Ligand code: TXA
Ligand code: MG
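In my numbering, the protein residues as written are 217 to 569.
Encoded structure:
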């Protein structure tokens, strides 16, 4: 079976296709759809067989829980047993939007959807196509990112087709996503809310709204003895096929170091891939050089990260070197994904003496 692909956009919803997509989901099938963060692989969240199908299609371990997407705030109380005050405040401020909250689950959410946990991850996306699909499906769509497990998350329908075209019923093509990195996850099952995955909504924005919020200890260091609490964050992830390393330090020294790796590879008859920015692109004379975006507009870096990682899978490169992107607002989220893609391989360079 090859997935049927239908195109639509926020201002041109295809009501007939949405009706069909909704029916597929109600009958236990799988439909991939755009959201403002990345494409999701949707199944009926209240149907344990649909969740099992999602794990199989992605090749994902079944202890890694799914996010339940809603499109109406009144539906929240049906799938959670309690909404703490802080969660209500965040919902008011950031929903619909790129925020997922972990809350105690109600009886109607099957354990297959939550990877065996008593809590459930809930998100109300802002993308109008996503909202229309969720409503057509009856209100509760479980959706992980629509990539094969371990690969970069999809930011276009073509990425979804590459990974899952043979494994699902329908792909809704809504064009390229806006943000390009997965939602921020905040866990409300502990006394103080904890960020389990950084995203477009930063720790500072959450602190401004809530006061006390902390970062999951398991996310802070590669060698941390503490395991990340979101099961999905413990896997190597987003990884391109060639070996990726991050080169970190003052930018002139970084450029020089990457150029020396590129020269060495060329002398050995090969070539490296280089992840640069609009500002530095022209400073790399050899190798396959791709700009990820501009440091002046950090959203562009987030937006292109997964696309650039996927593009390198089409190139013959022996290794990939990337600059580091500790940008002011989204740097935490960008570097979290890049470090995971690199298996935490960082080369630190010093200022020249
Ligand atoms: O932006 C997004 O969140 C996208 C779009 C499609 O909405 N979805 C997404 O889903 O990124 P996924 O499955 O790729 O990532 C979900 C993450 C995983 O790391 C998972 O372990 C964690 O959320 N998670 C889900 N339920 C959880 C729970 N009850 N407790 C702790 N972590 C949970
Ligand atoms: Mg994912």
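In this text, a Cβ means the ideal position worked out from N, Cα and C, and glycines have one as well.
Just so we're clear, the structure is a prediction, and the values are computed from it rather than from any experiment.
{"Item": "Which first and last residues belong to the beta strand (DSSP E) in which residue 344 is found?", "Value": "No beta strand (DSSP E) holds residue 344; the alpha helix (DSSP H) holding it covers 344–352."}
{"Item": "Using beta-carbon positions only, say whether residue 509 and residue 517 come within less than 7 Å of one another.", "Value": "yes"}
{"Item": "Could you please give me the residues that DSSP links to residue 158 through a beta bridge?", "Value": "Residue 158 lies beyond the range of the chain shown here (217 to 569); nothing can be said about it."}
{"Item": "Please check the pair residue 222 and residue 431, which I expect to be a contact at CB under 8 Å, by giving their CB distance rounded to whole angstroms.", "Value": "With 8 Å as the limit, residue 222 and residue 431 do not qualify as a contact, their Cβ atoms being about 40 Å apart."}
{"Item": "Within the segment 337–417, note down every full alpha helix (DSSP H) run reaching 4 residues or more, in order along the chain.", "Value": "344–352 and 373–380"}
{"Item": "How about residue 249 and residue 383: are their beta carbons less than 7 Å apart?", "Value": "no"}
{"Item": "Sorry if obvious, but does the Cβ on residue 361 come closer than 6 Å to a heavy atom of the ligand MG?", "Value": "yes"}
{"Item": "Considering only residues of the same chain and omitting the five flanking positions on each side of residue 474, which have a CB-CB separation below 7 Å?", "Value": "463, 490, 500 and 537"}
{"Item": "Below 6 Å CB to CB, which residues in the same chain sit around residue 365 once its five sequence neighbours on both sides are set aside?", "Value": "274, 275 and 276"}
{"Item": "Specify the secondary structure class of residue 535 as computed by DSSP and reduced to three states.", "Value": "strand"}
{"Item": "Would you grab the beta carbon distance between residue 401 and residue 314 for me? Rounded to a whole angstrom, and I think it's under 8 Å.", "Value": "Contact doesn't hold; Cβ gap of about 10 Å is too wide."}
{"Item": "For residue 408, count neighbouring C-beta atoms within 10 Å of its own C-beta (all shown protein chains included) and say buried if the count is 16 or more, exposed if not.", "Value": "exposed"}
{"Item": "Does DSSP classify residue 434 as helix, strand or coil?", "Value": "helix"}
{"Item": "Is residue 235 near the ligand TXA, judged by its Cβ being under 6 Å from some heavy atom?", "Value": "no"}
{"Item": "Hey, how far is the Cα of residue 492 from the Cα of residue 498?", "Value": "9 Å"}
{"Item": "Which same chain residues end up closer than 6 Å to residue 403 when comparing Cβ atoms and leaving out the 5 residues on each side of it in sequence?", "Value": "318, 410 and 412"}
{"Item": "If you measure from the CB of residue 318, is any heavy atom of the ligand TXA nearer than 6 Å?", "Value": "yes"}
{"Item": "If you run the structure through DSSP and keep just helix, strand and coil, what is residue 586?", "Value": "Within the shown structure, residues of the chain are numbered from 217 to 569, placing residue 586 beyond reach of any answer."}
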